[in-house]
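Take the first sequence: its letter number 371 is residue 372 in this note's numbering, and every next letter is one higher.
Worksheet: one structure, shown below.
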Amino acid sequence: MSAEQKKLRVRFAPSPTGYLHVGGARTALFNWLFARREGGTMLLRIEDTDIERNRPELVEGILDGLKWLGVQWDEGPYFQSQRLEMYTAAAKRMLAGGAAFTCYCKAASYAGADAVEQEGEGDDEGKVQKKLACPCRDLSAGERAAKEKEGTPPAIRFRVPREGVTKFEDAVFGSREVQNAEIEDFVLLRSTGQPTYQLSVVVDDIDMRISHIIRGADHLSNTPKQVLIYRALGVDPPIFAHVPLILGPDRTRLSKRHGATSVGSYAEEGFLPEAFRNFLALLGWSPGNDMEYMRTSELVERFSLAGVSRTNAIFDRPKLEWFNTEYLHNLPIEELLPYIESQLKSAGLWQERWGSTDRAWFAHAVDLIRPRTRLLGDFSGWARGFFTDDFEYEPEACAKFWKDERLPSMLAKLADALDALPEWNHDACDSTSRNVAAAEGVKAGLLINATRVCILGRAVAPPLFESMVVIGKDRVVGRIRRALPAIGKQTAARVDRS
RNA sequence: GGCGCUAUGGUGCAACGGUUAGCACGCGGCCCUUUCAAGGCCGAAAUACGGGUUCGAUUCCCGUUAGCGCUACCA
């Protein structure tokens, strides 16, 4: 390597035709991991040359998606719509050099798939080749002048060599080569003056000095065209790395009908960005061993293009949820707290003191609850009884644990006993409860389960006595007393039925 | 249709000529237990098919099949 070693530069280049979907997110992540690992630069480029489909208002959503994902770019965003002169200039240069020619065919006409099909098959290759070669490529200067006079606005097509092969290196798929005879004379500049993807992507990747192009494998087949453009422009192509696609459970390309496909929807659902990154990283990549739970820093340490697979992967939602629970359960509590805080804020349950004077209490509560959460929303969902007194009694929980008619008097005694406790801690709550149960001659479980429903309204909750400590004496006693009438009704209804 | 890519349990990945084919998710069972989780243990489950090459193929080659991609004046 020379002193002036070529700097590693990668890019993520979405087009604003939709939100940031999981496939794009994975591509962005791989670029980011690679840049971080190798000490390179990542830039963001918005490919908005298709004025028809381009929705400028979607750009913000894509940026938000990337920010949530934690993929931060070092340069950009650049917008191709603001760089049109460069593409035109490049096309003119290729025209002047003979690598391209003006085409006067009406839009989308000379080699449509339909036309080829109608010709039938079994014919000699020459026929097909004729389809791939645009008739305009052989027009004389005079003929072109005549067309110009007619006022037909010309497109500019690349003059693809009719023989030979085009080769390139792919870090994932290896050495590739295709017969030039199989490549059509593709359009560089539309008759409207707008560049096509093939042109703008190459011009920008050259201008932005991209060293590695990491993108979806759907671009693999078009890469030879781009290599042709690089050559025509007198530039060596960069290293390509095509990553396999992400498919839906039915093995077709992930799309809206597979449900949630935007990263935004996963953010809203309560996934942690780091869990999402971990999951995404393992779709089409592995560190070469059985390691799965990897913090982002470990991902960066281990990432390499050599570990990228060539097989399409199916997006497996249950596994994503598993990763999320792993992070929810195992993250150092201090790292998790900010996420819970914003979750509670958006649910309108947040109390400022939990961030200051009662921070230790808040951390304790979260730590108690988290072993049985899967999504951030669980903290403002079923666990809301820990953060607010406003919760409902679940009918199923009542039906299951408020069956015994001795319960109302037993619970009243328990409330009194708890109220009289001088010390409020786990063991005191434990022995008090067990003593009441013993005095009544019932199994402790009966009372414990019923009490849980009284103070949290549900059957699913952390261990009772720990919960009591977190919720606090006044609230616990209050909640038990408040539940008494409801229990009476429940047991009475039961007696009626029998 | 043409061209190309891919092919390990249901899913995601390991094994890059020699393993009883490994791990994880999911699934089933057991244990633990104060509900529900978590956790621990056990289990069912795969090299698409057919030919080669080789002492030996999941691994290398060919064919078949299947899936996917490209085949736009979309990106």
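Heads up, the beta-carbon is just placed ideally off N, CA and C, and yes, glycines get one too.
Inter-residue spacing [alpha-carbon to alpha-carbon] between residue i and residue j
i, j, result
"ALA268", "TRP323", "16 Å"
"ILE207", "GLN227", "11 Å"
"LEU200", "SER222", "15 Å"
"VAL264", "GLY24", "9 Å"
"LYS474", "GLU397", "26 Å"
"LEU9", "TYR88", "24 Å"
"SER432", "THR374", "28 Å"
"THR253", "ARG177", "25 Å"
"ILE240", "ALA26", "21 Å"
"GLY349", "ILE456", "21 Å"
"GLN420", "GLU406", "According to the sequence provided, residue 420 is Asp. The question's Gln does not apply to it. One C-alpha to the other measures close to 23 Å."
"MET95", "GLU327", "55 Å"
"ARG54", "PRO274", "29 Å"
"LEU44", "LYS68", "14 Å"
"VAL478", "LEU321", "40 Å"
"ALA364", "LEU338", "7 Å"
"GLY77", "ALA233", "27 Å"
"ASP75", "LEU332", "28 Å"
"PRO196", "THR50", "7 Å"
"LEU377", "LEU70", "16 Å"
"GLU395", "LEU465", "17 Å"
"LEU229", "PHE13", "22 Å"
Beta-carbon proximity of residue i to residue j, cut-off 7 Å
i, j, result
"ASP186", "ARG158", "yes"
"TYR79", "ARG46", "yes"
"ASN32", "VAL60", "no"
"PRO136", "ILE63", "no"
"ARG296", "LEU329", "no"
"PHE380", "ILE334", "no"
"ARG160", "ALA90", "no"
"ARG311", "PRO245", "yes"
"HIS243", "ASP171", "yes"
"TYR105", "PRO155", "yes"
"ALA418", "VAL443", "no"
"PRO288", "ARG278", "no"
"LEU412", "ILE481", "yes"
"LEU306", "ALA282", "no"
"VAL309", "VAL173", "yes"
"ILE315", "LEU248", "yes"
"GLU402", "VAL470", "The sequence given here places Phe at residue 402; Glu does not occur at that position. Contact flag unset, no."
"ALA36", "VAL72", "no"
"ARG163", "ALA182", "yes"
"PRO238", "PHE169", "yes"
"GLY446", "PHE392", "no"
Per DSSP, the bridge partner or partners of residue i
i, result
"PRO136", "Bridge partners of PRO136: none, in fact."
"ASP219", "None, per the DSSP bridge assignment."
"SER176", "GLU170"
"TRP286", "VAL309"
"ILE157", "THR103 and LEU190"
"HIS243", "ARG216"
"ILE315", "LEU248"
"ARG258", "ARG258 is not bridged to any residue."
"TYR79", "ARG46"
"VAL11", "MET43"
"SER263", "HIS22"
"PRO196", "LEU190"
Status (buried if at least 16 other CB within 10 Å, exposed otherwise) for residue i
i, result
"ALA109", "Its pLDDT being 43, under 50, ALA109 is placed unreliably by the model, and the measurement read from it follows with that caveat. Classification of ALA109: exposed, given that the 10 Å Cβ count is below 16."
"LYS188", "Note on residue identity: the sequence assigns Val, not Lys, to residue 188. VAL188 is buried by the Cβ-count criterion."
"ASP428", "exposed"
"SER256", "exposed"
"MET292", "exposed"
"ASN426", "exposed"
"GLY285", "buried"
"GLY271", "buried"
"ASN290", "exposed"
"GLY143", "exposed"
"ASN325", "buried"
"ARG56", "exposed"
"SER468", "buried"
"SER410", "exposed"
"ARG216", "buried"
"ASP317", "exposed"
"ASP205", "buried"
"ILE52", "exposed"
Ignoring anything shorter than 3 residues or poking outside the segment 352 to 437, list the beta strand (DSSP E) runs there in chain order. none
Identify every run of the beta strand (DSSP E) within the segment 466 to 495, keeping only runs that are complete inside it and at least 3 residues long; order them along the chain. none
Restricting to runs no shorter than 4 residues, where is the alpha helix (DSSP H) found entirely within the segment 14 to 65? 23 to 39
Considering only residues of the segment 324 to 348, which uninterrupted beta strand (DSSP E) runs meet the minimum length of 3 residues and lie entirely inside it, listed in chain order? none
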